[in-house]
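Below is one structure, written out as structure tokens; comments come after it.
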Amino acid sequence: MCGIAGITGTDDAGRALIDALERLEYRGYDSAGIATHAPDGIEVRKSVGSVAALAALGSPGGDRRSGIAHTRWATHGAPSTRNAHPHLSHDGTTALVHNGTVRNVARLRGELTDRGITTTSDTDSEVLVHLIAWHRAQGVDALEAVRLTLARVDGDYAVLVITADRPGTLIAAASGSPLLIGTDGRAVHVASDRAALSSGCTHCSPVLDGEVVAVTAAVPAGRTWEVLTPGTTWTDKGSYPNFLLKEINEQPQTSRAAIGALFSPVAEGSAADWGSTLDRSAIKRVCFLGCGSSYYAGQVAASFVENLARIPATAEPAAEFTQRDPVVEPDCLYVLISQSGETLDTLHAHRYLRRHPVQTLSIVNVRGSSLDRESDASIPLCAGAEVSVASTKVVTNMQIAGLALASWLARADYGSKSAALLELDLALPILPTILADLLAGQDAEIRALAESVHAFRSMYYLGRGPSWPVAREGAQKIKEISYIHAEAYQASELKHGPLALVDPDHVSVVVAANDAGGQQSATLIGQIQARGGAVVVFSQHQDYEFDAPTVRLPAVHPLLDHIVMGVALQVFAYHTATILDRDVDRPRNLAKSVTVE
Ligand code: F6R
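Residue numbers (the working numbering): 1016 to 1612.
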């Protein structure tokens, strides 16, 4: 899983490729590399770690007009220069960058060995470049050599190839992994996704599944082009020390943007927009599919659908769904939920569903992403670019989108005058202000709680009912950015096994919403403390005292309280991680967009 980019027709390909890699770094930061067409062949530069380390090696020279680049999230082989892309063929004629997986790598490597060609890295990608060069040595032209090689691949791929004998030409190919061609009117760019295209690009065109195309500085003819909105592709962190803090603090604005669009009667993103392409009368149940935090947001959204619309709703990790050969129900609305719209497991689940006569709806942040394009209808998340690897403002907006969907489903059955919907309509506009007050007014208190727990090496996050997915997301955030081991359990499950781990070295974070489950927390806290375990509480009960350090949060509305709680847990994880001096924007071993299985 990685990011790839290419450019042709520019004055300084080295600089442009480094810029593209900086935009792509959220797809992986184990190593980075570029290959450019040099006057005497192909020049490859690579380094371990971030793009900054590659940039520090200096520019390959202002005379380079074309080249390809790669940022890596290691899947086959440790992060090292040897395993970094671009890979160069044994004869030096061809360089390649690859995003995807070659499942039959062992077989292809064996064929190369039989031909006397030895691979030098542990990656699956390297075999491709040698096979292309081998075909060329048999007299096959470059485009056909790439085609013949990719026809042998079992797996998903997006690749960019350059050959020494065709300066200025990039060969782009994709199957199952996204790849876009963009143009800024002068140079032609290629990148794994929209966010990585230069902000100067005015138009883009996806490389279609199975396509192998030669890209030169002349804008490729015969393609379908989409107009891009200027300046929407990239962002900077302004005066914040990192993107994570910026994105956490943007939530009053981004939640307001989502509420404004998704609950408006007419705006782009309103139910009038996405709902009109769905057949509401055919929907008898709802299933949310996503990965990681998006799956947890789907769990919260499922509880909204059951609560407001009284329609059975479930959530499942997208990858597990396809693993178990599921019964696909024609009367079920399948909702694919994803920040990037490019998570391969989620795309696979959607493509699996496409083979059945069902309606699909996506909830995505990146407009024009694969999932956005491929689903029947799409709810936009209106959160703006999210750069930090740990998802925050998007997870909040996913829950707001879940509310918008639940309201749309409920309106059809109960009409817009239902008491529950009227109450929600009244409470929703207040949510951004509540979040702003929480972020400004309770930050110091939450930081103090983080100070009290940061030295623990193990944590439980405990919640009941709809607070359980909120606890799961809280545990996810603390794991990701502080590296403290954390697990979430339904509070009711604690005494059925997990209690065995509770001792004085263990802290439990109790998520006590303003509901019946929250009230039962007093008993839970007593059970943990009786075993010597430490407890801290995030509570929305206004008049319930717990016998443990407690951050008391505002309660707005039974459905919105979970969103407020989620934001408080993000702040808690943020402070715990910064006290431990972690790199919160780029946690180890992770990447923002997971484009491998
Ligand atoms: C956690 C996180 C991940 C993503 C997951 C799915 O903070 O960001 O768990 O939620 O990788 O990514 P998307 O939403 O892009 O499909």
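We treat Cβ as the ideally placed atom computed from N, Cα and C, and that holds for glycine. A quick note: this is a predicted structure, and the numbers were derived from the prediction, not measured.
Review point. Where does H1556 sit, in a helix, a strand or coil, going by DSSP?
Key: H1556 carries a coil assignment under DSSP once its states are collapsed to helix, strand and coil.
Exercise for review: Alpha carbon to alpha carbon, how far is G1533 from P1569? Give it in angstroms, no decimals.
Suggested key: Cα to Cα, the separation comes out at about 14 Å.
Review point. Hey, out of D1129, L1123, H1052, whose CA is closest to D1139's CA?
Key: Measuring from the Cα of D1139, the nearest candidate turns out to be L1123.
Practice item. With DSSP as the reference, label A1236 as helix, strand or coil. Key: Coil.
Review point. What separation, rounded to the nearest whole angstrom, lies between the Cα atoms of T1248 and Q1557?
Key: Reliability fails at T1248, whose pLDDT of 47 lies under 50, so the model's placement of it is uncertain and no value is given.
Exercise for review: Determine the closest residue to L1223 out of V1234, I1196, V1203, A1233, with distance taken between C-alpha atoms.
Suggested key: Ranking V1234, I1196, V1203, A1233 by Cα distance to L1223 puts I1196 first.
Exercise for review: Tell me whether T1248 sits in a helix, a strand or coil according to DSSP, three-state version.
Suggested key: Low confidence applies to T1248: its pLDDT is 47, below 50, so where it sits in the model is not reliable, and the reading given next is rough at best. In the structure shown, T1248 falls within a coil segment according to DSSP collapsed to helix, strand and coil.
Exercise for review: State the CB to CB distance for the pair V1066 and A1047, rounded to an integer number of angstroms; the pair is presumed to be in contact (CB under 8 Å).
Suggested key: 5 Å between Cβ atoms; contact.
Check your understanding: Given a threshold of 16 other Cβ atoms within 10 Å of its Cβ, counted over all protein chains shown, does H1102 qualify as buried or as exposed?
Key -> Here H1102 is buried, its C-beta having at least 16 other C-beta atoms within 10 Å.
Exercise for review: Within 10 angstroms of the Cβ of Q1153, are there 16 or more other Cβ atoms? Answer buried if so, exposed if not.
Suggested key: With fewer than 16 other Cβ atoms within 10 Å, it is exposed.
Exercise for review: Go to P1001, then tell me how far its alpha helix (DSSP H) extends in each direction, as first and last residue.
Suggested key: With the chain running from 1016 to 1612 in the structure shown, residue 1001 is simply not present.
Point to revise | By C-beta, the residues closer than 5 Å to any heavy atom of the ligand F6R, given in chain order | key: In chain order, the residues with a C-beta atom nearer than 5 Å to some heavy atom of the ligand F6R are C1306, G1307, S1308, S1309, S1353, Q1354, S1355, T1358, A1405, S1406, V1609.
Review point. When the distance is taken between beta carbons, is M1580 closer than 9 Å to F1561?
Key: M1580 is positioned such that its CB atom lies no closer than 9 Å to that of F1561.
Point to revise | Ordered list of beta strand (DSSP E) runs contained in the segment 1018-1079, each at least 3 residues | key: Fully enclosed beta strand (DSSP E) runs of 3 or longer: 1046-1053, 1056-1063.
Check your understanding: Quick one: is H1085 buried, meaning 16 or more other Cβ sit within 10 Å of its Cβ, or exposed?
Key -> So H1085 ends up on the buried side.
Review point. Among all the DSSP beta bridges, which residues are the ones paired with N1114?
Key: A1173.
**Study point:** Sub-9 Å separation of S1192 and V1144 beta-carbons
**Key:** The Cβ atoms of S1192 and V1144 do not sit closer than 9 Å to each other.
Review point. Taking contact to mean at least 3 C-beta pairs separated by less than 8 Å, is the segment 1314-1325 in contact with the segment 1399-1417?
Key: Using a Cβ-Cβ distance cut-off of 8 Å, the segment 1314-1325 and the segment 1399-1417 are in contact, since at least three pairs of beta carbons, one from each stretch, lie closer than that value.
Practice item. Kindly list the residues whose CB is nearer than 7 Å to the CB of I1594, restricted to its own chain and excluding five residues on each side of it in sequence; keep chain order. Key: The residues are A1465, E1466, H1469.
Check your understanding: Under a three-way DSSP split, which group does V1609 fall into?
Key -> Residue state, collapsed to three classes: coil.
Point to revise | Beta-carbon separation (whole angstroms), P1332 vs Y1367, contact threshold 8 Å | key: Rounded, the Cβ-Cβ distance is 14 Å, inconsistent with contact.
Practice item. Give the C-beta separation of G1478 and D1530 to the nearest angstrom, bearing in mind that I take them to be a contact with Cβ-Cβ under 8 Å. Key: No, G1478 and D1530 are not in contact; Cβ-Cβ is about 10 Å, not under 8 Å.
Review point. Secondary structure at R1369, three-state DSSP: helix, strand or coil?
Key: DSSP places R1369 in the coil class of the three-state scheme, outside both helix and strand.
Exercise for review: Flag this pair as touching only if the segment 1293-1300 and the segment 1343-1350 have three or more C-beta atom pairs under 8 Å; answer yes or no.
Suggested key: These segments touch.
Review point. Between the C-alpha atoms of V1550 and A1486, what's the straight-line distance to the nearest angstrom?
Key: The straight-line gap separating the alpha-carbon atoms of V1550 and A1486 is approximately 14 Å.
Review point. D1596: buried (16+ other C-beta within 10 angstroms of its C-beta) or exposed?
Key: Exposed: under 16 other Cβ atoms inside 10 Å.
Check your understanding: What three-state label does DSSP hand G1082 in the structure shown?
Key -> Three-state result, G1082: strand.
Check your understanding: Which of the three DSSP states, helix, strand or coil, is assigned to Y1504?
Key -> It is a strand residue.
Practice item. Count the other CB atoms, across all protein chains shown, that sit within 10 Å of the CB of L1351; report buried if there are 16 or more and exposed otherwise. Key: Buried is the call here.
Practice item. List the endpoints of the continuous alpha helix (DSSP H) containing F1336. Key: Where F1336 is concerned, the enclosing alpha helix (DSSP H) stretches over 1333-1338.
Check your understanding: Just the Cα atoms here: how many angstroms apart are G1456 and Q1585?
Key -> Near 15 Å, if we compare the C-alpha coordinates of Q1585 and G1456.
Check your understanding: Who are the Cβ neighbours of P1519 in its own chain at under 8 Å, not counting the five residues just before and after it?
Key -> Excluding sequence neighbours, P1519 sits near G1547, G1548, A1549.
**Study point:** Other residues of its chain near F1303: CB distance less than 6 Å, five sequence neighbours each side excluded
**Key:** Short of 6 Å from the beta carbon of F1303, and not among the five residues preceding or following it, lie these beta carbons of its own chain, in chain order: G1313, A1316, A1317, A1330, V1350, I1352.
Check your understanding: Since S1619 contacts E1262 with CB under 8 Å, what's their CB separation in whole angstroms?
Key -> Since the first residue shown for the chain is 1016 and the last is 1612, residue 1619 is missing from the structure and cannot be characterised.
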